[in-house]
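So the structure is just underneath, and the comments pick up after that.
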Amino acid sequence: MSLDGPVQQALIGSRRFFTRARVSDDGRALFKEGGRQGDVFYRDRWSHDKVVRSTHGVNCTGSCSWKVYVKDG
Numbered sequence: 211m212s213l214d215g216p217v218q219q220a221l222i223g224s225r226r227f228f229t230r231a232r233v234s235d236d237g238r239a240l241f242k243e244g245g246r247q248g249d250v251f252y253r254d255r256w257s258h259d260k261v262v263r264s265t266h267g268v269n270c271t272g273s274c275s276w277k278v279y280v281k282d283g
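Just so you know, we're using the numbering used here here: the sequence shown kicks off at 211 and counts up by one.
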C-alpha cells in the first residue's frame, strides 16, 4: 500500500490544522518547539527514594518477593 494516493495525501496534509507545531513542506515531519516542562510531572510521579524487597502476604516464605519502590516513606 502506497502513501501517495489522494486520500492519504489529504490526511497527511490535514495535520497542519490540528497542531500548532511546524509541519514540513511534504507534510510528513512534525517539528515541535519548546522545553520539556511537561516531563516534570511524570518525573516527580514516578521517582522514588529507595527500593526494598517485599512479599505478597504476612505468612509468605519469601519465594515470591519482588522490588517495591518507596516514595516519601
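C-beta atoms are modelled at their ideal positions from N, C-alpha and C, and glycine is treated no differently.
Exercise for the section: Give the DSSP bridge partners of L277, in chain order. Expected result: A small correction: the amino acid at residue 277 is Lys; Leu does not occupy that position in the sequence shown. Beta-bridge partners of K277 (DSSP): R263.
Handout entry: Same chain only: Cβ atoms within 8 Å of S234, ignoring 5 sequence neighbours per side
Key = Within the same chain, Cβ atoms closer than 8 Å to the Cβ of S234 are found at L240 and F241, the five residues on either side in sequence being excluded.
Practice task
Would you kindly report the start and end of the unbroken alpha helix (DSSP H) that includes V250?
Solution key: Element bounds for V250: D249 to R255.
Handout entry: Cβ pair R232, I222 closer than 9 Å
Key = No.
Exercise for the section: Could you have a look at R226 and say whether DSSP puts it in helix, strand or coil? Expected result: Helix at R226.
Practice task
Quickly, what does DSSP pair V233 with across the bridge? List them, please.
Solution key: Answer by DSSP bridge pairing, in chain order: L240.
Handout entry: Three-state secondary structure assigned by DSSP to V217
Key = In the displayed model, V217 falls within a helix according to three-state DSSP.
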